[in-house]
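First comes the structure, then the notes that go with it.
Number of protein chains: 4
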Amino acid sequence: MRFFSDNAAAAHPKVIEAIVESNRMDTAYDGDAWSARLDGAFSDLFETEVRAFWVTTGTAANCLALAALCPPYRSILCHSDAHIEVDEAGAPGFFTGGAKLMLLDGAGAKLAPDEVGAACDRIRPDVHQVQPGALSITNATEYGLVYTAAEVAALGRLAKERGLAFHMDGARFANALASTGESPADVTWRAGVDALSFGFIKNGGLNAEALILFRTELADEIAVRRKRAGHLLSKGRMMAAQILALLDDGLWLENARASNAAARILAEAAPGRLSYPVEANEIFLKVTGLEAAALRAAGYDFYDWGPGEIRLVTSWDQPGEAVEQLAAAIRAL
Amino acid sequence: MRFFSDNAAAAHPKVIEAIVESNRMDTAYDGDAWSARLDGAFSDLFETEVRAFWVTTGTAANCLALAALCPPYRSILCHSDAHIEVDEAGAPGFFTGGAKLMLLDGAGAKLAPDEVGAACDRIRPDVHQVQPGALSITNATEYGLVYTAAEVAALGRLAKERGLAFHMDGARFANALASTGESPADVTWRAGVDALSFGFIKNGGLNAEALILFRTELADEIAVRRKRAGHLLSKGRMMAAQILALLDDGLWLENARASNAAARILAEAAPGRLSYPVEANEIFLKVTGLEAAALRAAGYDFYDWGPGEIRLVTSWDQPGEAVEQLAAAIRAL
Amino acid sequence: MRFFSDNAAAAHPKVIEAIVESNRMDTAYDGDAWSARLDGAFSDLFETEVRAFWVTTGTAANCLALAALCPPYRSILCHSDAHIEVDEAGAPGFFTGGAKLMLLDGAGAKLAPDEVGAACDRIRPDVHQVQPGALSITNATEYGLVYTAAEVAALGRLAKERGLAFHMDGARFANALASTGESPADVTWRAGVDALSFGFIKNGGLNAEALILFRTELADEIAVRRKRAGHLLSKGRMMAAQILALLDDGLWLENARASNAAARILAEAAPGRLSYPVEANEIFLKVTGLEAAALRAAGYDFYDWGPGEIRLVTSWDQPGEAVEQLAAAIRAL
Amino acid sequence: MRFFSDNAAAAHPKVIEAIVESNRMDTAYDGDAWSARLDGAFSDLFETEVRAFWVTTGTAANCLALAALCPPYRSILCHSDAHIEVDEAGAPGFFTGGAKLMLLDGAGAKLAPDEVGAACDRIRPDVHQVQPGALSITNATEYGLVYTAAEVAALGRLAKERGLAFHMDGARFANALASTGESPADVTWRAGVDALSFGFIKNGGLNAEALILFRTELADEIAVRRKRAGHLLSKGRMMAAQILALLDDGLWLENARASNAAARILAEAAPGRLSYPVEANEIFLKVTGLEAAALRAAGYDFYDWGPGEIRLVTSWDQPGEAVEQLAAAIRAL
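Residue numbers (this note's numbering), protein chains in the order written: chain B, 29 to 361; chain D, 29 to 361; chain V, 29 to 361; chain S, 29 to 361.
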């Protein structure tokens, strides 16, 4: 059984169904009936007028947003473990035209206002040093921690004071909300977030993420940048249909609750081994090499995060039975 | 009935079937079993070792290829009606880091060696003028003309003499081959082509094009550039599966033959109105505004190409009956 | 005697003197006493508050301005003979991050509002085609024609209507003003110009041009972009000192009047041979190959502009006698 | 007396003389007689065939070199205190088209092979993480330390093993050589360096640095990139003449010896206060705020490097007397 990554999971049957249903000739690009419903669907969800764009990867969502939020001659403040720094092949530099990532620390890949403020203070305000232009956080973080709305709002206030745009990488936004039970609005625009990469692919989607703009005046620019980056698919109806299927009846939250619940089961199997609190669907466990090998021998697949540590990721489609068996195997170590 | 564009057509049922079949957990990105078969499948088709990459748009295929073939400080020679110039929102400039497109003329968006050579000669060989770095042609062209292998080879020889890399935008490559009956190898690498954007989306695919590298030493760079541009999808198996379904049993050629045949039927309905010979699946017709309105009133959808001209595009999924009815409607004008 | 290009001329003795005088330790970069005077000096000259930046080349002045005026995903409308298109090695693409140049025609490299408006109208207002973002004209043009303030104002009104920023490449701005006798203000900001590349190097300077911002809110961005492009010299005092020396007592206009007068003398020697009216300091003459050879044999150096045409450029430092002798030689052909 | 920075120093009289002498009409750009001598002069100095380019700033020299040595999708390994990271406004990102700087540590801004190797080992060799493409060191470092030829060679061997290009920022290269007495060849190409930014401006030049290519096959690319970045000055003779004046009779070494000697005098005045050994012309002193104020009150200007630390920089043109007086003032604290 794979506990390697949620981005390798299957797509939800309703997503596949939606693709099949949308597979008929319609207007190309995003002129179709499904794409036309996106803005409304997300505006409802976020209780404010937003503009929503489908894209095929989280990297595209993140970097299109950052390109619109940060000029090439400024920097983006982010955690040194942020996906945009560690796992996107330098895409922020490509999309922004050379903006720098300025790396900050914080336990569990989580940023706190003090550290962000201190980092800004360390920059000489002259033309020789790159001035900060944007702040980007990941929610849930790369280590499975979740920001509360209040924590985001504290960062949002700081961003505003410092003149920074504010982006949230929500590759696991559903898991974060399923964890806190807070509202999509509270943890984003009401907390000062300008743009959100709203992940669906790790949560039942096939290949559609949504880029949500709370600053709707950026929509025209994003539309052009998406096309210019080769991300405007001809048959966009298939993209929108996936997202609508997951939004429908809260399927996205249901899937996220399932994977979070599975993660809790695993976490409870080995409380003493956890590197971080398990707040979403990632579990980082301290195990010896022999223990890791034993788990693998028992048929479980996962990521070696470093010497003595493994990462398990749960996803919506893992059978409860398999999760329970893995929990038992962990307990038995 | 829509004759607007083949990129709005439905995906072929076998493509949808392949997506459904591949919808199970596997290794993420392009580490899956389907993606692993792509290089081999295309190497067989092209009778030489190639490297193949799935991407979601023709713009991505074109511009990733051009970025690897042309440094930022050189220019790409192409027709002034080329898709990369006219319809990609400046994506070549974005992907290459600022390379220029140098625009050439030629009837029906087709380039001839003389014009390309003359354009090169007009450039002063100094650091003040941008020196050419690559040649890009579209086959079939934006006006539905097709290059023979001999014509491509003549351009290929010139490119070699002039030190230019050679790219083919094959958004309708299947239609071109279906038209001439020539072999994929003869019209590409044997004719000097370095990289091909092999289109599937207009020809039964859902959202997968293939970027084919005949200069296989560029594969590592393309792999990185694809990721860096946000084009490495998590569930790449769904991309490869589509392409394999279309390659299987020559479905891609079958689809292209169908749309070419439909185009010929329409062309024969109005030989005196044709702006260009109909060699693939696009028909440009000279009609008056009233005639265009009459066709629209009769339920046909198409593109107004300019005053007094319309563009009809046939696709694999248009029922033969609808094509015959449109032909009759054209004859009746 | 060289009539090859005014950018090969010597620097004026007062410029050299100013460099020598400013050669003492002061604050680095542009924190020195000379640089501090630039904004005021140019604000006086332009009768409004401007921000002025020294740079070492016209290419840097043009492209820094364009980078601030046009986003990477838009195009810059300019003449197909414009220096930014023909002689800057693709620098606009580099500085802007990939913006396109959209090329227009017009006699003598001069643009008219009708042609600019028609070019805008030809662009489909969608995300597939690159939308125009800026207009750039050269004054005096690459063929030595001069825009009147009224002509610039007509373009300025069009730019405003179309939402285009407006840049003037004034590599020979002094020659243009010396020709019309109009005021610096009338031909720039009062006519809608947002930024001016004010050339000094062809007119007695050593290596300092001025980038003048009439939209002063762009100053901070330009300051950063200048540094980021490696154009913030350590000993900027030497740059500012040159420019101040040329502004002092109108030396810049005096020099331009001298070279314009020399050009008129040459023009009057061969009125029937002129390709364009001679309004500034460039003369394009129709001569046979034998005639060109005869002039060269007589010791005159110039540029072969094409078959049957030569370009002569006068500069502030050519002795009147040499000009008269060349005029006589032309008459004698 | 200013001990603020050597880049604010005056130009050497012989440099001014050379500018005055070269101030006559010649071929523009780098086609003049002075520029033609550069390659030979530096080839002699480096005892091998090199290609040399004048540029106006160290930032331009560094970033043009890095753009030719590192593709946009790779990273440049450098010290976290390197000038390219800290003081060039993100110019490396701009010139390379988005390459990342990967920051390493090391006492006194000096890199050691172990740290560089370990940093490379920490990067997963996949398409998700940015792979290293080049190594850049500063000699003398930003803290005034000097690399021996053997130390550079150890880094050069590592760079070769790891497939990294190797760049040296030699803004104070003269001070480094004056310090070790080693040969220019030994500390550069014989040690594996591919390109050197050879600083003259801090050492008696006015505004000319030299970019030296030991990999001469990159010369054509650098020539184009220099022009494209707006760094090809019209009157390049004035640039080359400066450099030739400093190379002549070893004036560059003489100036560097003078500033190094001055630095040693200051260092010997307060051995217990030194943050780093003084190997070139920079002195970092631990002083209290009161002590710093006392020095300022006594007429000395310098940089506050942080709480409790100041930076003094000596330059070729500081009178020996002033240096002795400052030394006495430091001793008297």
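Here a beta-carbon is modelled for each residue, glycine too, at the ideal position from N, C-alpha and C.
- At least one beta carbon of chain D lies nearer than 8 Å to the beta carbon of TYR101 of chain V.
- Fully contained in the stretch 229 to 254 of chain D are the following beta strand (DSSP E) runs of length 3 or more, in chain order: 237 to 241.
- Below the 8 Å Cβ cutoff, chain S contributes HIS156 and GLN157 as neighbours of ASP115 of chain B, in chain order.
- If only complete runs of 3 or more residues are kept, the stretch 136 to 161 of chain S shows no beta strand (DSSP E) anywhere.
- At least 8 Å separates the CB of SER164 of chain S from every CB of chain V.
- Partner residues in the beta bridge of GLY334 of chain S, as assigned by DSSP, are S:GLU337.
- The C-beta of SER108 of chain V has fewer than 16 other C-beta atoms within 10 Å across all chains shown, which makes the residue exposed.
- The beta carbons of THR316 of chain D and GLY348 of chain D sit no closer together than 8 Å.
- Here ARG200 of chain D carries a coil assignment [DSSP, helix/strand/coil].
- Residues of the same chain with a CB within less than 7 Å of the CB of LYS188 of chain V, apart from the 5 flanking positions on each side, are GLY220 in chain order.
- Within chain V, the residues placing a beta-carbon under 9 Å from that of PHE122 of chain D are PRO100, TYR101, GLY125 and GLY126, ordered along the chain.
- Secondary structure note for CYS91 of chain S: it is in no beta strand (DSSP E), and the uninterrupted alpha helix (DSSP H) holding it is 86 to 97.
- Listed along chain B, the residues sitting closer than 8 Å to ILE44 of chain D by beta-carbon distance are ILE47, VAL48 and ASN51.
- Spanning the alpha carbons of PHE122 of chain S and PHE122 of chain B requires a straight line of approximately 10 Å.
- At a Cβ-Cβ threshold of 8 Å, HIS111 of chain V and ALA199 of chain V count as neighbours.
- For ARG190 of chain V, the enclosing alpha helix (DSSP H) begins and ends at 177 to 190.
- The beta carbon of VAL215 of chain D lies closer than 6 Å to those of ALA177 and VAL180 in the same chain, with the five residues before and after it left out.
- Residue-level contact by beta carbon fails for LYS263 of chain B and chain V, as no gap is shorter than 8 Å.
- DSSP places PHE31 of chain B in no beta strand (DSSP E); its state is neither H nor E.
- Taking the Cβ atoms as the reference, TYR331 of chain S lies roughly 17 Å from GLY136 of chain S, outside the contact range of under 8 Å.
- Beta-bridge annotation (DSSP): ARG79 of chain B is paired with B:LEU241.
- Around the beta-carbon of LEU318 of chain S, fewer than 16 other beta-carbon atoms lie within 10 Å, marking it exposed.
- Sorting D:ALA291, D:ALA273 and D:TYR175 by C-alpha distance to the C-alpha of PHE70 of chain D places D:ALA273 at the top.
- In this structure, B:VAL43 is the residue among B:SER63, B:VAL43 and B:ALA127 with its C-alpha nearest to the C-alpha of ASP277 of chain B.
- Under the Cβ distance rule, GLY227 of chain D does not count among the residues neighbouring chain V, no pair being separated by less than 8 Å.
- Spanning the alpha carbons of THR85 of chain S and LEU260 of chain V requires a straight line of approximately 7 Å.
- With at least 16 other beta carbons inside 10 angstroms of its own, GLU310 of chain D counts as buried.
- In terms of Cβ geometry, THR76 of chain V and ALA213 of chain V form a close pair [threshold 8 Å].
- The C-alpha of GLY134 of chain V is placed about 22 Å away from the C-alpha of PRO299 of chain V.
- Distance from SER287 of chain D to SER343 of chain D at the Cβ level is roughly 5 Å; contact confirmed, criterion being Cβ atoms closer than 8 Å.
- Using a CB distance below 7 Å, the part of the stretch 231 to 259 of chain B facing chain V consists of ALA251, VAL252, ARG253, LYS255 and ARG256, ordered along the chain.
- The three-state secondary structure of LEU173 of chain D, taken from DSSP, is coil.
- The beta-carbon distance between ILE104 of chain B and LEU129 of chain B, rounded to whole angstroms, is 5 Å. This is short enough to meet the 8 Å contact definition.
- The contact set of ASN35 of chain B on chain D, defined by CB atoms closer than 8 Å, consists of ALA56, SER262 and LYS263 in chain order.
- Listed by position along chain D, the residues whose Cβ is nearer than 7 Å to that of CYS148 of chain B form an empty set, because the closest Cβ is around 28 Å away.
- DSSP places GLU296 of chain B in the helix class (H, G or I) of the three-state scheme.
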